[in-house]
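Okay, so here's the structure we're looking at.
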């Protein structure tokens, strides 16, 4: 069971970072769900609930009494305590007994996936801890939760590989559907129907997954498909992923719609395509444990600029896992919005996208997105990368 | 369009509470979505984004540049600003120009639906505001957001009435499916299939919506259906709701499975049923603008105890809206976990559940859940309440 595996992994990470105690403190997780809940408890909890994991290997769950049975039956927690009126007595009693030097909780300015504790819940927890003089023991769990999210187990990678398999199959099917006169919306609908047929769900907001962009002057990214029609001479690109057992794929493929009489894409389109393929391969070769994402981004970005294109207005790639944008370490430039993410060290078993883009004026946007697993020996693509521009006849 | 209607309502509420400026500050809302986003922007935002509404009626959205077109096309915001590297410059520039005395943001110890700002994002915002000396202007938006959630517009009530209509129809269909020997899981599956057939989704976590409990010794609430079989002499109760256009229903109905030769439920079952029906009606009669939820809970609770039953281990009822547990004001006892919720004044256009329960030993749990709208003249049920115990032959 994945939760048991991740909780055991968390204990190891707490030892490694010499962190005594990690608390995930939630309520009404059906309304807003701390991303860490996925590694701790599948069911949503209604009332104030604390999932506690310690460096010494203890695991406690303190939850509303009506939800104890659900948590007990997971078989993950050494001790499950239920309460009726309020969590404070049981929570403080447990913490006094543990007497941890530090109490790591889920907040982070850098990393949204490690920032599941709301400000109101932080104030509540801090107020309770003040009653036993523990309030200054609170620290951010960012290092712990980043590593827990980032270090994919074999079971997690396998789920993502399945999602990637479906994604590539659907790209392959839609190739024969794309034709001059088809709209972006029709192409997206074809793909969505295939997702439904496979009993899957798309990996992000279904209003723009898949995202389909044909020709020049599109929004280019993060926008819904429109009534715009495929025309000969267009570059068409799409961004798409599915979830398998809660794990995502996130990939982009690029197509060219041949003009009448053309047997191949024109030179300026091929140059753009080759530039993207090369920049991805240069990035993959540099991506290995210990380097920083800012360096990988720089390699791809400089290659694109060296070929005479504008630089892309986003990071080169992000981690993927339960969310399409997952984890802390990022392949990106030193921009304010990325905070310290581009400077986090790359670790083994992280999974990244590599997704540079460039514009070919009058034709459209060339963008490819591959997914790569970081191994001790370097990064390997999780599927065959796009090496040929897909031609629509 | 509902978002436009709710943003206009928010401006009125800001005037009423003399609050200059309300900011909803989010990032990666696909990972954790501030509940207020549903009233401000349907699409998820990737990068740091600020939705600003002022008492004077100004509306600003500051979002990542790749997402400006999505926000502009909503036609709700007077000004939409896109950025590439980071939000700080545009956000501080806008706030300096507005120069609000207070800046309300979404945190609340009391109310989870008003607590969408994460602690990391709070720290980021506070840090930015400190650069222009505005950090002490931050206040909780709880009053504003509570009222915005609680004061249902006609369009919102209409959506909930549609959800209630489907719910009662499905209860009516499942009545003919329930029979001795059927398992809780089979009964739940029958209902789920009907939800699918109607192209709806259930109102909460599908692992326990519907929740079905037959006979004595069940978990009683907040637990998944099991392989337990319906037997003659059981009380069977179920908790179920659906969403229509993002608005929920949440209702419970109770059934009795006749013994061979029985034409009616035995006396102890009828007494339990009548006690619940009466306690709901007493609560409804007392529920009106200006009273506190703690008082309504006390009326139902005391009636049940007066008939010789133990008191129920939860609140009498909660608000319903986009979430099944929605809003701040609650019909509940003065327990720690409910914080100040039971002491919030009831207002016109709130929608509450009323859902007391009691146990009939050896038979099961009697529980009915009705939904009522608070009007100026008092509360009215949003559908015909259960007045007869449903008998299974």
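Residue numbers (this note's numbering), protein chains in the order written: chain P, 1 to 393; chain S, 1001 to 1393. All C-beta atoms, glycine included, are put in the ideal place defined by N, C-alpha and C. Just so you know, these numbers come straight off a predicted model, no measurement behind them.
Evaluate residue i with the Cβ neighbour count: other Cβ atoms within 10 Å of its Cβ, from every protein chain shown; 16 or more gives buried, anything less gives exposed.
| i | result |
| --- | --- |
| residue 1275 (chain S) | buried |
| residue 1238 (chain S) | buried |
| residue 1 (chain P) | exposed |
| residue 249 (chain P) | buried |
| residue 1063 (chain S) | buried |
| residue 375 (chain P) | exposed |
| residue 1158 (chain S) | exposed |
| residue 1241 (chain S) | buried |
| residue 1263 (chain S) | exposed |
| residue 1345 (chain S) | exposed |
| residue 1156 (chain S) | buried |
| residue 233 (chain P) | buried |
| residue 1265 (chain S) | buried |
| residue 217 (chain P) | exposed |
| residue 1035 (chain S) | buried |
In the DSSP assignment, what residue or residues form a beta bridge with residue i?
| i | result |
| --- | --- |
| residue 378 (chain P) | P:375 |
| residue 140 (chain P) | P:105 |
| residue 1022 (chain S) | S:1053 and S:1104 |
| residue 1369 (chain S) | S:1252 |
| residue 1319 (chain S) | S:1326 and S:1352 |
| residue 331 (chain P) | P:317 |
| residue 1247 (chain S) | S:1244 |
| residue 205 (chain P) | Per DSSP, none; premise fails for residue 205 (chain P). |
| residue 1345 (chain S) | S:1292 |
| residue 337 (chain P) | For residue 337 (chain P), which the question treats as bridged, DSSP gives no partner whatsoever. |
| residue 968 (chain S) | Any question about residue 968 (chain S) goes unanswered here, given that chain S covers just 1001 to 1393. |
| residue 1226 (chain S) | Its beta-bridge partners do not exist; DSSP assigns none. |
| residue 261 (chain P) | Beta-bridge pairing links residue 261 (chain P) to no other residue. |
| residue 364 (chain P) | P:360 |
Which residues mark the beginning and the end of the alpha helix (DSSP H) in which residue i is found?
| i | result |
| --- | --- |
| residue 159 (chain P) | 154-175 |
| residue 292 (chain P) | Element bounds for residue 292 (chain P): n/a, residue is neither H nor E. |
| residue 98 (chain P) | 88-98 |
| residue 68 (chain P) | 68-72 |
| residue 1122 (chain S) | 1119-1130 |
| residue 1217 (chain S) | That residue, residue 1217 (chain S), is in no alpha helix (DSSP H); it is neither H nor E in DSSP. |
Return the first residue and the last residue of the beta strand (DSSP E) that residue i is part of.
| i | result |
| --- | --- |
| residue 1252 (chain S) | 1251-1257 |
| residue 1359 (chain S) | 1357-1360 |
| residue 1060 (chain S) | 1059-1064 |
| residue 400 (chain P) | Residue numbering for chain P in the displayed model covers 1 to 393; residue 400 (chain P) lies beyond these limits and cannot be assessed. |
| residue 2 (chain P) | Element bounds for residue 2 (chain P): not the beta strand (DSSP E) but the alpha helix (DSSP H), 2-16. |
| residue 391 (chain P) | 390-392 |
For residue i, does the three-state DSSP call read helix, strand or coil?
| i | result |
| --- | --- |
| residue 194 (chain P) | helix |
| residue 275 (chain P) | helix |
| residue 1110 (chain S) | coil |
| residue 211 (chain P) | strand |
| residue 34 (chain P) | coil |
| residue 1183 (chain S) | strand |
| residue 1281 (chain S) | helix |
| residue 1299 (chain S) | helix |
| residue 287 (chain P) | coil |
| residue 39 (chain P) | helix |
Quick one: any contact between the region 134-152 of chain P and the region 110-120 of chain P, if contact means 3 or more CB pairs under 8 Å? yes
At least three beta-carbon pairs within less than 8 Å, the region 1006-1014 of chain S to the region 381-393 of chain P: no
Touching by the beta-carbon criterion (3+ pairs, under 8 Å), the region 1266-1286 of chain S and the region 1347-1361 of chain S: yes
With a cut-off of 8 Å, do at least 3 Cβ pairs link the region 94-104 of chain P to the region 43-58 of chain P? Yes, they touch.
Cβ pair count under 8 Å reaching 3, the region 285-296 of chain P against the region 265-275 of chain P: no
contact_flag[the region 1363-1375 of chain S, the region 1252-1264 of chain S] where n(CB pairs < 8 Å) is 3 or more: Contact holds between the region 1363-1375 of chain S and the region 1252-1264 of chain S, because three or more Cβ pairs, one in each stretch, are under 8 Å apart.
Mind the definition here: the region 297-314 of chain P touches the region 329-346 of chain P only if three or more C-beta pairs lie below 8 Å; say whether that holds. Taking 8 Å as the limit for Cβ pairs, the verdict is that the region 329-346 of chain P does touch the region 297-314 of chain P.
How do the region 316-323 of chain P and the region 171-182 of chain P stand: do at least 3 beta-carbon pairs fall below 8 Å, yes or no? Touching, no.
Three or more C-beta pairs closer than 8 Å, one from the region 334-353 of chain P and one from the region 1075-1085 of chain S: is that the case here? yes
Would the region 1067-1076 of chain S count as touching the region 1039-1055 of chain S if we require 3 or more Cβ pairs under 8 Å? yes
Just checking, does the region 1117-1131 of chain S make contact with the region 1019-1031 of chain S on the three C-beta pairs under 8 Å criterion? Result yes; three or more Cβ-Cβ pairs closer than 8 Å.
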